[in-house]
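Read in this note's numbering, the sequence shown has 223 at position 161, and its numbers run on one by one without any break.
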Amino acid sequence: MVNDIKEKFGQRLVYLECADSGVPGLIYNVNGYPVILNISGHPMQVAAMTTSGWKNLVMGMIRRYKGDAMLMLWNMGNDFGEAHGKILLELKGMSDRHRIRIGLAVLQALGWGKFELAECDEFGKVVVIRATENFEELITWEMLDYENRFLLGFFVGLVSKVFDKACRGTEVKCLKLGDPYCEFVIR
């Protein structure tokens, strides 16, 4: 049985109870808990919450804090993106574009959506990210005026840290508005 497992997972087998997810540094525990995120030698435990739990959290913040909740969500995303960018900078021998792709792959592996790096020049002057199956969009679908603040903050923080420059971002397309994906432009 162990040989079958080794043959199935090949190089992705970390040890018998865990398997590499295919995203650099993200390891799934076969028993389901804990999930460990290990980028550049910094293992971190990952916790999950149900869709309804996230929806209650975000909607509760918005009900209580109104517009300030949007700023809080953006800042939380920005801090999260910067932290990932800082860790990704420790990975040597790769381009900044590749670091951004890894950051998006980690966010995707954590369940926040499917992300595509549609455009990214070597200096980070313009970075375009497309999101489908957007989790933030899913939990705020009833709020037609809601913009993806957490994701936008994450993308701005990630790009700012990786390219070592202050950036601004905007969401230019949105699933709620009938677009085929959410599109974020970071400059």
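Every residue gets a Cβ at the ideal spot worked out from N, C-alpha and C, and that includes glycine.
Sixteen is the threshold: when 16 or more other Cβ atoms of the shown chains lie within 10 Å of the Cβ of T202, as they do, the residue is buried. In this structure A180 is exposed. Its beta-carbon is surrounded by fewer than 16 other beta-carbon atoms within 10 angstroms. In the three-state reduction of the DSSP assignment, F212 falls in the helix class, which pools H, G and I. In this structure, I124 is the residue among M134, I124 and N118 with its C-alpha nearest to the C-alpha of D207. The three-state reading of DSSP puts L166 in helix, counting H, G and I together. Going by DSSP, L179 is part of no alpha helix (DSSP H) but of the beta strand (DSSP E) stretching over K176 to C182. Around the C-beta of L135, 16 or more other C-beta atoms lie within 10 Å, and the residue is accordingly described as buried. Assignment of A131 by DSSP, reduced to helix, strand and coil, places it in the helix class. In the three-state DSSP reduction, M156 falls in the coil class, being neither helix nor strand. The DSSP-derived three-state label of F225 is helix. For R163, same chain residues with a beta-carbon under 6 Å away, outside a window of 5 residues either side, are L179 in chain order.
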